[in-house]
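Contents: one structure, followed by commentary.
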Amino acid sequence: MPRPAASPGAQLAAALRTARVTARTRRIAAGAMVAAGLVLSGCAGPPAVSPDPASTLPPAVSPDPASTLPEGVTVELAQLRADVAPRQAQVRVANGSDIALKVRGVRVDDPRFEGSATRVIPDRASTIPPGGLVDIRVQLPPVDCTAPDDGEAEVVLEIVGESSSAEVTVPAPDALGFLAPLHARECLQERMSDAATLAFTGFQPSAPGEPAALELTVTPAGAGEATVVGLERTNLLEFAGSSAQGELYPLDLHVAATDTEPVVVQIPLLPFRCDPHAVLEDKRGTIFDVRVEHEGESGEFTLFVGDDLRGRILTWVGDWCGFGS
Numbered sequence: 000m001p002r003p004a005a006s007p008g009a010q011l012a013a014a015l016r017t018a019r020v021t022a023r024t025r026r027i028a029a030g031a032m033v034a035a036g037l038v039l040s041g042c043a044g045p046p047a048v049s050p051d052p053a054s055t056l057p058p059a060v061s062p063d064p065a066s067t068l069p070e071g072v073t074v075e076l077a078q079l080r081a082d083v084a085p086r087q088a089q090v091r092v093a094n095g096s097d098i099a100l101k102v103r104g105v106r107v108d109d110p111r112f113e114g115s116a117t118r119v120i121p122d123r124a125s126t127i128p129p130g131g132l133v134d135i136r137v138q139l140p141p142v143d144c145t146a147p148d149d150g151e152a153e154v155v156l157e158i159v160g161e162s163s164s165a166e167v168t169v170p171a172p173d174a175l176g177f178l179a180p181l182h183a184r185e186c187l188q189e190r191m192s193d194a195a196t197l198a199f200t201g202f203q204p205s206a207p208g209e210p211a212a213l214e215l216t217v218t219p220a221g222a223g224e225a226t227v228v229g230l231e232r233t234n235l236l237e238f239a240g241s242s243a244q245g246e247l248y249p250l251d252l253h254v255a256a257t258d259t260e261p262v263v264v265q266i267p268l269l270p271f272r273c274d275p276h277a278v279l280e281d282k283r284g285t286i287f288d289v290r291v292e293h294e295g296e297s298g299e300f301t302l303f304v305g306d307d308l309r310g311r312i313l314t315w316v317g318d319w320c321g322f323g324s
């Protein structure tokens with residue numbers, strides 16, 4: 000059930016005060032960043048670089064790069080919250096050497112994927128000064144479900160010098176441990192697609208104090224059986240009604256091999272939180288974990304509402320909470 004803490008007028012006044020404080024804080028932070036930049040410009044050590052800057056820095060790079068990384072340079076993989084929906088990841092290069100490092104081509108090879116993950120902006124080059132750090136975004140290819148979940152990744156970097164370039168292949172530790180769970184989730188979803196496919200297909204906003212409706216369509220595939228157990232709430236959205244059980248909205252929707260007609264379910268939604276920055280800085284608020292059972296296997300995979308529904312949902316949250324336009 001909705002749980003407004005005060006009247007709509009009081010909520011709106013509080014939200015406006017929050018917005019003014021947030022704006023003032025950001026102006027102060029921006030001024031501090033400019034001042035810090037002016038001070039640091041006179042220091043001997045250059046600042047860290049992140050994320051993925053264009054190659055505009057003046058430090059000289061190695062004239063003839065070798066096929067190994069300079070001592071002190073480390074590489075690892077990570078996936079940030081903003082990378083989940085577009086299926087991307089970051090190649091994090093930290094330059095602990097005493098020379099600038101210029102990286103152009105980036106490729107990640109991992110047996111858990113059907114091909115290589117490559118740089119999202121392929122022609123870009125990033126210059127990393129001594130002591131600097133850069134996150135280079137790569138696009139993940141489809142998973143290879145014939146491979147086990149516990150593979151190991153390698154990164155191939157094209158290091159650019161003054162007169163030549165060289166490729167360097169290094170192991171890429173999975174800093175946050177995201178690759179194995181990603182492979183397991185997506186392979187479960189692929190196997191599940193033999194029985195049914197799931198998609199969010201509509202959204203009906205609501206007035207403040209009332210639940211909205213998110214439409215989930217389950218389409219039988221005719222090649223297996225499965226049960227859609229339920230949806231888990233997100234960090235931004237929760238469920239309304241007596242059917243909601245804590246963080247899970249139970250569906251218990253069984254799909255038989257003989258089923259042919261799609262099933263459309265209306266999921267009652269409420270904002271889980273009403274602080275403005277939760278919407279302004281949203282990364283995963285519209286990505287739901289779906290619990291399923293398929294051929295005796297229980298698990299879950301993620302399901303994104305899509306960019307169009309995401310925009311409509313975030314607008315509704317702002318209006319429902321009283322700080323929308």
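Note that numbering that gives the first Met the number 0 has the sequence shown beginning at 0, numbered continuously upward. For each residue, glycine too, the CB sits at the ideal point set by N, CA and C.
Query, Result
"How long is the line joining the alpha carbons of Pro207 and Trp319, rounded to whole angstroms?", "4 Å"
"CB Tyr248 to CB Arg272, shorter than 9 Å?", "no"
"When you compare the CB positions of Ala183 and Leu76, do they come within less than 9 Å of one another, or not?", "no"
"Give the DSSP-derived three-state secondary structure of Gln188 in the structure shown.", "helix"
"Within its chain, find whatever has a CB closer than 6 Å to the CB of Gly229; leave out the 5 residues flanking it on each side and keep chain order.", "Leu247, Tyr248, Pro249, Leu250 and Arg290"
"Tell me, please, which residues DSSP counts as bridged to Asn94.", "Val72"
"Taking 9 Å as the threshold (C-beta atoms), are Leu308 and Thr285 in contact?", "yes"
"Please go through the same chain and pick out, in chain order, the residues whose beta-carbon is closer than 8 Å to the beta-carbon of Thr301, but skip the five residues on each side of it.", "Val83, Arg184, Ile286, Phe287, Asp288 and Val289"
"Which word fits His276, buried or exposed, when buried means at least 16 other C-beta atoms lie within 10 angstroms of its C-beta?", "exposed"
"So, for Ile266: in the same chain, excluding its five sequence neighbours on each side, which residues have a beta-carbon less than 8 Å away from its beta-carbon?", "Ala212, Leu213, Glu214, Leu215, Leu230, Phe238 and Tyr248"
"Run through DSSP, which three-state label would Ala255 get?", "coil"
"For Pro66, is the classification buried or exposed, using 16 other Cβ atoms within 10 angstroms of its Cβ as the cut-off for buried?", "According to the sequence as given, residue 66 is Ser; it is not Pro. Label assigned to Ser66: exposed."
"What residue range is occupied by the uninterrupted alpha helix (DSSP H) comprising Gly130?", "From DSSP, Gly130 is part of no alpha helix (DSSP H); its letter is neither H nor E."
"Where are the beta strand (DSSP E) runs, 3 residues long or more, that stay fully inside the segment 283-312, in chain order?", "286-293 and 296-303"
"Is Glu294 a contact residue of the ligand ADP, with contact defined as CB to any heavy atom under 8 Å?", "Here there are no bound small molecules, and the ligand ADP is not part of this structure."
"Pull up the distance between the alpha-carbon of Gly317 and that of Val304, whole angstroms please.", "18 Å"
"Just to confirm my understanding: we take Glu113, look at its own chain, exclude 5 residues before and 5 after, and list those with CB closer than 8 Å. What are they?", "Pro140, Pro141, Val142 and Asp143"
"Can you give the Cα-Cα distance for Val48 and Ser192, rounded to whole angstroms?", "With a pLDDT of 45 at Val48, under the threshold of 50, the predicted position of this residue should be treated as unreliable, and no value is reported."
"Quick one: Cα of Ala179 to Cα of Gly150, how far?", "8 Å"
"In the DSSP output, what is Asp108 paired with across the bridge?", "Glu153"
"Along the chain, where does the beta strand (DSSP E) containing Leu215 start, and where does it finish?", "Ala211 to Pro219"
"Looking at C-alpha atoms only, which residue of Ser163, Glu224, Asp306 and Ala256 is the closest neighbour of Gly295?", "Glu224"
"Give the straight-line distance between the Cα atoms of Leu279 and Gly160, rounded to the nearest whole angstrom.", "41 Å"
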